[in-house]
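Worksheet: one structure, shown below.
Number of protein chains: 2
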Amino acid sequence: MSIQNLYDESVNRSYGQYCALAKTLDLVGERWTLLIVRELGAGPKRYTDVLDGLPGMNTTLLAKRLRDLEDGGLVRRRRLPPPAASNVYELTNTGAELCRALLPLVQWGARHALGARNKDEVFHVEWPLLAMQASIDTARLVGVEATYEFRIDESIGYMSIEDGRVTVGSGPALTVPDVTITADVEAFVGVGTGRLDAQTMIAEERLNLEGDPQAIATLSTALGVQGRRRSVRKQRRR
Amino acid sequence: MSIQNLYDESVNRSYGQYCALAKTLDLVGERWTLLIVRELGAGPKRYTDVLDGLPGMNTTLLAKRLRDLEDGGLVRRRRLPPPAASNVYELTNTGAELCRALLPLVQWGARHALGARNKDEVFHVEWPLLAMQASIDTARLVGVEATYEFRIDESIGYMSIEDGRVTVGSGPALTVPDVTITADVEAFVGVGTGRLDAQTMIAEERLNLEGDPQAIATLSTALGVQGRRRSVRKQRRR
DNA sequence: CGGCATCCATTTTGATACTG
DNA sequence: CAGTATCAAAATGGATGCCG
């Protein structure tokens, strides 16, 4: 450790501008930082799980980034109670707000930067699920309860709606899902962003929805997905 | 120049993830890049003017960033017609969309990262004006015409509303302004973000609005600023 | 598992000078 | 004005080892 570090532990370069954007970037503009926020967007995660969501990232660097985020008040480190006895990192309220503020950026990226998937690119369903979660209008979901499992390419994840609260996560759904969605990544992303039509993808067998029709309709409504208008209309106001 | 560069001019490190956020960051996540987008948000600028808006930035790096942005289709370089005979850089539609997608991030920063101004921090009114511009509901402005000049600390800028289109820029307004706004930075930002009350700031002589009352009311409405309710109510529906 | 420290190669930035 | 060239300083990446 250098002498400088002894006195000034986090000497992060600042832009030196009194500008909201510049200050935001001072805080979270460094490489990997916003992806860490994304990783924690779905809920608390352990160190190694965060690392697993960021293939290629150096563990030393992750440790530093997490410390910086903690110092910045965006992330909190919490020790789980005895049975588990491990640490988790979770977003503070401020951090969660930041995560939601990323949505337009994500949508922009889905439109202009995503393109076709490259074979060597990593994919976790959790990523698009987080975007979906952020874009759901929870006001429309009072009293709704449903669980969805997504099998997109090699990745599995779930989304649960429970009394106006939406949860997403990696792996199989925690309870038996009402609906199972199977698709290839590009069909899934295309439908989610409205670039591709759901009916067409179903017809081409690139998208499959299996399970409770009512829950399928709920999902379409919640997401405002086009192309399933018929089903949505059938649903009664309740 | 290394051999590698001869073959692969822009070897920008990628996260290698099929994720809209990661892809966005692959494109614009490097240091300075988003601030360049901000600088161009107000309209075309010449190389040196961009540089002036980014104190501390290296000219070599700016050249590279502009090239990358051009390659990425976010920025276009254009040669001005004979009289001016210089180059300007401007956002493409894609770039402008990105700029708008930054607004929530800016608002987040204004709330959580801005704080009080440090004496050594640079400030350009153009920065908050851009945020204001992006947050204005243009639908409400049909038929409106007004020009505002802002004198905030040592920085001067303007905003023009003309038939539903809003323009902002640095320096004095291009025509005689209908209203001149004078304030210290923190009062200005505080009122703009709703953290401080306009009437109070006026009473404390930290904010001053001088000029056509009608145009003042228009501004308040356009921005949805609280605390000027009395003036707004007096205004007739027309 | 949950980290942090260390060593080293490669990239990115920064500072400054310089040119058409 | 609109950049390039050059060199120095930091940040990052990758591997590996340690410790509780």
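Chains as they are written, first to last, in this note's numbering: chain A, 1 to 238; chain B, 1 to 238. Glycine is no exception: its CB is placed at the ideal position from the N, C-alpha and C atoms.
Starting from the C-beta of residue i, find all residues in its chain whose C-beta is less than 7 Å away, skip the five residues before and the five after it, and write them out in chain order.
| i | result |
| --- | --- |
| L25/B | Y15 |
| A215/B | A146, D178 and V179 |
| T59/B | L51 |
| T92/B | G73, L74, V75 and R76 |
| M57/A | W32 and L51 |
| A42/A | E126, L130, V168 and G169 |
| L196/A | A187 and G190 |
| A22/B | Y15 |
Should residue i and residue j be called a contact, given that it needs their Cβ atoms to be closer than 8 Å?
| i | j | result |
| --- | --- | --- |
| L114/B | V189/B | yes |
| V185/B | R111/B | no |
| V168/A | E210/A | no |
| W108/B | L80/A | no |
| A183/A | I161/A | no |
| P55/B | A101/A | no |
| D163/A | G194/A | no |
| V166/A | A20/B | no |
| T221/B | R140/B | yes |
Let's see if you can read the secondary structure: which residues bound the alpha helix (DSSP H) around residue i?
| i | result |
| --- | --- |
| V142/A | First-last for V142/A: undefined, no H or E at that position. |
| A20/A | A20 to V28 |
| Y158/A | From DSSP, Y158/A is part of no alpha helix (DSSP H) but of the beta strand (DSSP E) over S155 to E162. |
| Q199/A | A198 to A203 |
| V50/A | Y47 to D52 |
| G41/B | T33 to G41 |
| Q133/A | E126 to S135 |
| E70/B | T59 to D71 |
If you follow the beta strand (DSSP E) that residue i is part of, which residue opens it and which one closes it?
| i | result |
| --- | --- |
| L207/B | L207 to G211 |
| T180/B | V179 to A183 |
| G95/B | Looking at the DSSP string, G95/B is not in any beta strand (DSSP E); the run it does join, the alpha helix (DSSP H), is N93 to A101. |
| V168/B | R165 to S170 |
| R79/A | V75 to R79 |
For a contact meaning CB atoms closer than 9 Å, what does residue i contact in chain A?
| i | result |
| --- | --- |
| Q199/B | Simply none; closest approach about 24 Å. |
Under 9 Å Cβ-Cβ, which residues of chain B neighbour residue i?
| i | result |
| --- | --- |
| F123/A | Q17, Y18 and C19 |
| A134/A | Neighbours of A134/A on chain B: none; closest Cβ ~11 Å, over 9 Å. |
| L91/A | The contacting residues do not exist; L91/A stays about 13 Å from chain B at best. |
| L27/A | G109, H112 and A113 |
| A139/A | Simply none; closest approach about 19 Å. |
Given residue i, which residues of its chain have a CB within under 8 Å of its CB, disregarding the five upstream and five downstream residues?
| i | result |
| --- | --- |
| L223/B | M132, S135, I136 and G192 |
| E149/A | I156, G157, Y158, P172, A173, P177, V179, T180 and I181 |
| V50/B | I36, E39, L40, L62, L66 and Y89 |
| R78/A | P44, N87, V88, Y89 and E90 |
| E154/B | F123 |
| D120/B | none |
| D212/A | A146, D178 and V179 |
Please list the partners that residue i has in chain B, where partner means a Cβ-to-Cβ separation under 7 Å.
| i | result |
| --- | --- |
| L66/A | Those within 7 Å of L66/A in chain B number zero; the least Cβ separation is about 18 Å. |
| E97/A | W108 |
| R38/A | L21 |
| L51/A | In chain order: nothing, as chain B lies at least about 14 Å away. |
| A63/A | Those within 7 Å of A63/A in chain B number zero; the least Cβ separation is about 19 Å. |
Identify the contact partners of residue i in chain A, using a Cβ-Cβ distance below 7 Å as the criterion.
| i | result |
| --- | --- |
| T22/B | Checking the displayed sequence, the identity of residue 22/B turns out to be Ala instead of Thr. Residues of chain A passing the Cβ test: L35. |
| A84/B | Per Cβ cutoff of 7 Å: no residues; A84/B is ~28 Å from chain A at best. |
For residue i, which residues in the same chain have their Cβ closer than 6 Å to its Cβ, ignoring the five residues on either side in sequence?
| i | result |
| --- | --- |
| L69/B | V75 |
| V33/B | Note that residue 33/B is Thr in the sequence shown here, rather than Val. Excluding positions up to five away in sequence, the list reads R65. |
| A187/A | M201, R206 and L207 |
| T138/B | G164 |
| I3/B | Only weak support is given to the placement of I3/B: the predicted model assigns it a pLDDT of 37, under 50, and the value that follows is read from those uncertain coordinates. Excluding residues within five positions, none has a Cβ falling inside 6 Å. |
| G95/A | L74 and V75 |
| V28/B | L34 |
Show which residues of chain A have a CB atom less than 8 Å away from the CB atom of residue i.
| i | result |
| --- | --- |
| G56/B | Y15 and G16 |
| T94/B | H112 |
| D120/B | G16 |
| L223/B | Simply none; closest approach about 16 Å. |
| A173/B | By Cβ distance, chain A contributes nothing, its closest Cβ being about 21 Å from A173/B, past 8 Å. |
| A217/B | Per Cβ cutoff of 8 Å: no residues; A217/B is ~26 Å from chain A at best. |
Taking C-beta pairs closer than 8 Å, name the residues in chain B that residue i reaches, listed in chain order.
| i | result |
| --- | --- |
| R117/A | Y18 |
| A42/A | The premise fails here: A42/A is roughly 13 Å from chain B at the closest Cβ pair, so nothing lies under 8 Å. |
Positions along the stretch 182–208 of chain B whose CB lies within less than 7 Å of some CB in chain A: The stretch 182–208 of chain B vs chain A, Cβ under 7 Å: V185.
Where the stretch 99–115 of chain B meets chain A: residues whose CB sits under 9 Å from a CB there: Residues of the stretch 99–115 of chain B with a C-beta less than 9 Å from any C-beta of chain A: R100, A101, L102, L103, P104, L105, V106, Q107, W108, G109, A110, R111, H112, A113, L114 and G115, listed in chain order.
Residues of the stretch 145–160 of chain A whose Cβ lies closer than 7 Å to any Cβ of chain B, in chain order: Contact annotation: in the stretch 145–160 of chain A, no residue has its CB less than 7 Å from a CB in chain B.
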